[in-house]
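First the structure, in the form of C-alpha cells, and then the observations on it.
In this note's numbering, the protein residues as written are 63 to 156.
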C-alpha cells in the first residue's frame, strides 16, 4: 500500500537545514521528489537504517526523484544562497 504525503513548500535562507520527513521507528520504503525553483543549489540529505548519510546536490531550476529503502530522515540544506521549491514523499511497501 502506498501513501502519498502532502506536498510541502520550502523556503530556506542561506546555510539553513530543515527536516521534511522523519520515521524513527525503523525506517520505511519511500520515494522522495524535490523540485528546486531557486537560482541556487539545494542539498537533499537522506538518512537510512544502517547506512551512511547520503547527500545529493540538486542544481538550480532542477528536480530529483529517489527511491529509498529504509528511509529514516529526508532533509534539505541550503548551500550558499536562499532556495525555494517543493518536496514530496510517498511511502510504500515495495
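Ideal Cβ positions, reconstructed from N, Cα and C, are used throughout, including at glycine. Everything numeric in this text was worked out from a predicted model, so none of it was measured.
Secondary structure note for residue 123: it is in no beta strand (DSSP E), with a DSSP letter that is neither H nor E. In the DSSP annotation of this structure, the continuous segment of the beta strand (DSSP E) that includes residue 147 starts and ends at 145-154. Between residue 136 and residue 122, the gap from beta carbon to beta carbon reaches 8 Å or more. Between residue 86 and residue 134, the CB-CB gap stays under 8 Å. Fewer than three pairs of CB atoms, one per stretch, sit closer than 8 Å, so the segment 64-72 makes no contact with the segment 105-119. Between residue 95 and residue 150, the alpha-carbon positions lie close to 5 Å from each other. Nearest Cα to residue 77 within the set 104, 91, 117: 104. Per DSSP, reduced to three states, the secondary structure at residue 105 is strand.
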